[in-house]
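**Q**
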Amino acid sequence: MAQTANKFRSTNQDLAGMLTRLMSELESLRAGWQGQGAQAFDNARVHWGEDVKKLHQALDETAGAIEKAGNFYSSSDAESANRMNAFQGGSSVKLPL
1 MAQTANKFRS
11 TNQDLAGMLT
21 RLMSELESLR
31 AGWQGQGAQA
41 FDNARVHWGE
51 DVKKLHQALD
61 ETAGAIEKAG
71 NFYSSSDAES
81 ANRMNAFQGG
91 SSVKLPL
């Protein structure tokens, strides 16, 4: 699960770089726009920026949740193993197998 969480984080970083480059290219085009077209682009850029932040936050939260679940699973698995080892080593009860 740690690998999956890291993949989410890596993909998030790659996406951030790609979107930054895209916006940079669009900004260079923006210099030639005037009037309503320029205003429409500025409005779209603001909304786009907000959506990008939400996307990055969602990917980061997903990575954190996957990592947390993996840690919980590992902890529960180790605890179960310890209980079974203690039961088998210290009990006179024989399970019919």
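In full-length UniProt numbering, the protein residues as written are 1 to 97. Cβ coordinates follow ideal geometry from the N, Cα and C atoms, glycine included. If you're wondering where the values come from, they're calculated on a predicted model, not measured in any experiment.
#1: Applying the criterion that 16 or more other CB atoms from any shown protein chain within 10 Å of the CB defines a buried residue, is phenylalanine 8 buried or exposed?
#2: What are the start and end residues of the alpha helix (DSSP H) that includes residue 112?
#3: Take the Cβ of alanine 63 as the centre, count every other Cβ of all protein chains shown within 10 Å, and call the residue buried at 16 or more, exposed below.
#4: Tell me the rounded alpha-carbon separation between leucine 75 and asparagine 82.
#5: For glutamate 67, collect the residues of the same chain with a Cβ closer than 6 Å to its Cβ; drop the 5 residues on either side in sequence, then sort them by chain order.
**A** Well, looking at it:
#1: If you number the sequence shown from 1, residue 8 lands on position 8. Using a 10 angstroms sphere on the CB of phenylalanine 8, the tally of other CB atoms reaches 16 or more, which defines it as buried.
#2: A question about residue 112 goes unanswered here, because the residues of the chain that appear run from 1 up to 97.
#3: Mapped onto the sequence shown, residue 63 falls at position 63. Taking all protein chains in view, the Cβ of alanine 63 is crowded by 16 or more other Cβ atoms within 10 Å, so the residue is classified as buried.
#4: Start at 1 with the first residue of the sequence shown, and residue 75 comes out as number 75. Start at 1 with the first residue of the sequence shown, and residue 82 comes out as number 82. It should be noted that the sequence gives serine, not leucine, for residue 75. Spanning the two alpha carbons is a distance of roughly 11 Å.
#5: Position 67 of the sequence shown holds residue 67. Answer for glutamate 67: Ala5, listed in chain order.
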